[in-house]
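Going down the list, the sequences are from chains A and B.
Just so you know, we're using the numbering used here here: the first sequence kicks off at 1 and counts up by one.
Just so you know, we're using the numbering used here here: the second sequence kicks off at 1001 and counts up by one.
From the three backbone atoms N, C-alpha and C, an ideal C-beta is built for every residue, glycine too.
Protein chains: 2
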Amino acid sequence: MTTYQSTSPASNHHASEPGDAASLANILAPVAPEIALVEEYLVTNLIDDTVFIGELLAQIFQAGGKRIRPAITLLCSKATAKDKDSELSRLHIILAVLTELIHTASLVHDDVIDKATLRRGQETINKKWNERLAVLMGDLLFAQASVCLSRIMNPVVVGIYGQVLGDLCSGEIRQMQQQFSTSINFDSYIRKSIGKTASLFAAGSHSGAILNGSNDEVVESLKQYGLNLGLCFQIVDDLLDVSGTSFELGKQAGSDLSGGVITAPALFVLERGDAAAKRLETLIKTRAVSTAEGTLEALTLIKENGGIEKTQDLCRHYANLGKDCLLVLPQSDCKDSLESLIDYVVTRKK
Amino acid sequence: MTTYQSTSPASNHHASEPGDAASLANILAPVAPEIALVEEYLVTNLIDDTVFIGELLAQIFQAGGKRIRPAITLLCSKATAKDKDSELSRLHIILAVLTELIHTASLVHDDVIDKATLRRGQETINKKWNERLAVLMGDLLFAQASVCLSRIMNPVVVGIYGQVLGDLCSGEIRQMQQQFSTSINFDSYIRKSIGKTASLFAAGSHSGAILNGSNDEVVESLKQYGLNLGLCFQIVDDLLDVSGTSFELGKQAGSDLSGGVITAPALFVLERGDAAAKRLETLIKTRAVSTAEGTLEALTLIKENGGIEKTQDLCRHYANLGKDCLLVLPQSDCKDSLESLIDYVVTRKK
């Protein structure tokens, strides 16, 4: 039970190896036509007729991205649609678009903050042009999301996404405040992860059901599905930072730790209260983790003291909770895909 | 007619000298209780219970600011209210709050972009903490605005503000693209000024009338009032950068020019097509304006070739258009204040 693979038989209806691109394409097949529409919409300049802005949008979105957030939005929308065989309405497409817009806006601002030069294999806006344009383009993507939101014309959905925007910022600010602090606990780790990641997954997963007029039980279950899947996603991110190689990650392994960001794998060691915990605490508090040797020593401590396995267990815990949330849905291809998507997220390698 | 003072008799119902703080307080008297509520709301953390974020909001908003945008929103709301003697509803207060939130968010991001250290006499977020927090706090203020917007529960108003957010960014991006270019014309100058300034004024000026259920003529007239007042505001800003002293402005005079931002006073000289125009064009194109001597020579060229007077005329043109828009309103204290506010904006010294 300590191997990091899905054990759910339900995931076997997709033939590919979990975690790879082919497997993701299989999982998303039930909403493939809608995802194509989302791609078109993402590069549409909704604000004005400025050619330059249109080019920037194309550059940002044609660089790729897994589109997991819009996919969840579309799958949940279709799984709760009155007529499951017809294509989704324009409103559901816009909902998926705005979910990806918000995600991308926060990435563009993250790149400014981190002075990152590469994103999805392409030069970042701040590198290719400058920080000024990157701050403005992030703002513009948020604005495009606001325009989408206004077109949905549903005040409840506007409220949900308004709160998500706030959660994203407060999650990041909370993380910033906790840098190099070893007094954070699992409660604050989960709260921060909901804010910076799971909140947006949840908005996408239940807003489509609201537009479909689903009952409260379905809406709430799909919200919880999104929260649990989002937590899995964030925990796997944090796990990969510790267990992955720099080659696999496309960035330095241990970069969270070296930046003073304490996540689940380190927290599990810190809570042991033994010599390993004390040593890790010292490495963090003295900021020795910011050096190459310090990072290496911390990573080794985590690997040798069960940090990886316990984090995998935590991830499986949320994966199972997420799957349970789907019991409320009738059988459908989309329901199968939502279940497989959890396995995909849990087993992904980057 | 070339003096830069209001000549409208309608402005005389306020005793103070136009352009000073006492005069502004007089003008805003009809909505003073509502402005007090706006101040309370601005420092309320709408996202979560994080104490740190509450402190940051307090720091940002207690630094002051003239609150012209929320004041316009409140005055237009009250001027179109069914019962003019009662206080405005909670929705109108929220509308005024969100207008100021959007303005402040863009200031916080401007300070990051410009690496500014002082704003309203206090250290900027990027100076006091760091750029990371300033980008996030700007995003958080936009998020607070989104939460406000969702509470208004009016899809038309959501659409208006969604477009404003886009206009703000595209106005700034357009300005960035045109730096050190002398081929821009008045059309693009006005379009840029609407995007970066007047669009938000207009959103505030007509959204309250929409909430009040005013007829289309009143709604459209108040929108045009906001656009014209916003253009006046931006043109005066551009004028002060040329005509003001560094002491009055609290920043280096001519800073637009030295940064390659070409505004009305320079445009009026460039369109002359004579030797002065040619010389100014050379100073801009060669980026000589970025040096202290270059800035001084350009400012002198502008002052000696009618740049100031023609810009004052342009400003008066929009001021008169703005006043005409108010004819649609019945007589009231709020209507008088909206008219005086134009005079205040046109005659302000900083």
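- [ ] Give the residues from the segment 162–182 of chain A that approach chain B closer than 9 Å (Cβ to any Cβ), ordered along the chain.
- [x] Gly162, Gln163, Val164, Leu165, Gly166, Asp167, Leu168, Cys169, Ser170, Glu172, Ile173, Arg174, Met176 and Gln177
- [ ] Under 6 Å Cβ to Cβ from leucine 341/A, same chain only, skipping five residues before and after it: list those, please.
- [x] Ile27
Open item on the list: Would cysteine 1334/B and proline 1030/B qualify as a contact pair, given that the criterion is a beta-carbon distance under 7 Å?
Closed with: yes
- [ ] Using a threshold of 7 Å, state whether the C-beta atoms of glycine 64/A and arginine 120/A are closer than that.
- [x] yes
Task: Alpha-carbon spacing of methionine 1137/B relative to arginine 1279/B, whole angstroms - done: Taking the straight line joining both Cα atoms gives about 43 Å.
TODO: Mind checking who glutamate 1123/B pairs with in its DSSP beta bridge?
DONE: BP columns for glutamate 1123/B point to Leu1118/B.
Task: Residue of Ile1102/B, Thr1263/B, Cys1076/B and Thr1117/B minimising C-alpha distance to arginine 1174/B - done: Thr1263/B
TODO: Within its chain, find whatever has a CB closer than 7 Å to the CB of asparagine 45/A; leave out the 5 residues flanking it on each side and keep chain order.
DONE: Ile53, Gly54 and Leu57
- [ ] Report back the beta-carbon spacing between leucine 1231/B and threonine 1099/B to the nearest angstrom; my notes put them in contact at under 8 Å.
- [x] Incorrect: roughly 17 Å between the Cβ atoms, too far for contact.
Open item on the list: Alpha carbons only, please: which of Ala1096/B, Leu1296/B, Gln1122/B and Lys1127/B is nearest the one belonging to leucine 1149/B?
Closed with: Ala1096/B
Open item on the list: Taking a contact to mean a Cβ-Cβ separation below 7 Å, would you say leucine 1314/B touches isoleucine 1210/B in this structure?
Closed with: No, these two residues do not count as a Cβ contact at 7 Å.
Task: Cβ-Cβ distance between threonine 352/A and leucine 227/A below 7 Å - done: For residue 352/A there is no data in the structure shown, the boundaries of chain A being 1 and 350.
Open item on the list: Taking the straight line between their C-alpha atoms, what separation do you get for glutamate 131/A and isoleucine 102/A?
Closed with: 19 Å
- [ ] Identify the contact partners of glycine 1159/B in chain E, using a Cβ-Cβ distance below 8 Å as the criterion.
- [x] In the structure shown, chain E cannot be found, because the protein chains are A and B.
Open item on the list: Need the endpoints of the alpha helix (DSSP H) that phenylalanine 233/A sits in, please.
Closed with: In the DSSP assignment, phenylalanine 233/A falls within the unbroken alpha helix (DSSP H) covering 216–243.
- [ ] Compare the beta carbon distance of glycine 1208/B and histidine 1092/B with 7 Å and say whether it is the shorter of the two.
- [x] yes
Task: Buried versus exposed, by CB contacts within 10 Å (16 or more), serine 1086/B - done: exposed
Task: Closer than 7 Å to chain B by CB, histidine 109/A - done: It does; some Cβ of chain B falls within 7 Å.
- [ ] Closer than 7 Å by C-beta to leucine 1283/B: which residues in its own chain qualify, once you throw out the five before and the five after it? Chain order, please.
- [x] Val1289, Gly1294, Glu1297 and Ala1298
TODO: Leaving aside the five residues before and after leucine 141/A along the sequence, list all residues of the same chain whose C-beta is less than 6 Å from its C-beta, in chain order.
DONE: The answer, listed in chain order, is Leu101, Thr104 and Ala105.
- [ ] Take the Cβ of glutamine 62/A as the centre, count every other Cβ of all protein chains shown within 10 Å, and call the residue buried at 16 or more, exposed below.
- [x] exposed
Task: Contacts around leucine 133/A, its chain only, beta-carbon distance under 7 Å, and the 5 residues preceding and following it disregarded - done: Closer than 7 Å at the Cβ level, and outside the excluded window around leucine 133/A, lie Ile125.
- [ ] Could you confirm whether any beta carbon from chain B is found closer than 7 Å to the beta carbon of threonine 50/A?
- [x] yes
TODO: Using beta-carbon positions only, say whether phenylalanine 180/A and glycine 260/A come within less than 7 Å of one another.
DONE: The criterion of a C-beta distance shorter than 7 Å is satisfied by phenylalanine 180/A and glycine 260/A.
TODO: Could you please give the first and the last residue of the uninterrupted alpha helix (DSSP H) stretch that includes phenylalanine 1186/B?
DONE: Unbroken alpha helix (DSSP H) run through phenylalanine 1186/B: 1186–1193.
- [ ] Run down chain B in chain order and give the residues with a C-beta less than 7 Å from the C-beta of valine 135/A.
- [x] His1109, Val1112, Ile1113 and Val1135
Task: Extent of the continuous alpha helix (DSSP H) run through lysine 351/A - done: In this structure chain A extends from 1 to 350, so residue 351/A is not present and cannot be described.
Open item on the list: Please report whether the beta-carbon of proline 155/A lies at a distance below 7 Å from any beta-carbon of chain B.
Closed with: yes
Open item on the list: I want to see whether chain B comes within less than 7 Å of alanine 298/A, judged by CB atoms only; does it?
Closed with: no
Task: Environment of glutamate 1217/B [buried if 16+ CB atoms lie within 10 Å] - done: Answer is exposed; the Cβ neighbour count stays below 16.
- [ ] Drop a sphere of 10 angstroms on the beta-carbon of lysine 1192/B, count the other beta-carbons inside from all chains shown, and report buried for 16 or more, exposed for fewer.
- [x] buried
- [ ] Please confirm if phenylalanine 201/A has its CB atom under 7 Å from at least one CB of chain B.
- [x] No, its Cβ sits nowhere closer than 7 Å to a Cβ of chain B.
Task: Residue environment, aspartate 1256/B, which counts as buried when at least 16 other CB atoms sit within 10 Å - done: buried
Open item on the list: Which runs of the alpha helix (DSSP H) at least 4 residues long sit entirely within the segment 1244–1318 of chain B? Give them in chain order.
Closed with: 1246–1249, 1255–1258, 1264–1270, 1275–1285 and 1292–1304
TODO: Alpha carbon to alpha carbon, how far is alanine 203/A from serine 1077/B? Give it in angstroms, no decimals.
DONE: 33 Å
TODO: Assign serine 183/A to one of two classes, buried (16 or more other C-beta atoms within 10 Å of its C-beta) or exposed (fewer than that).
DONE: exposed
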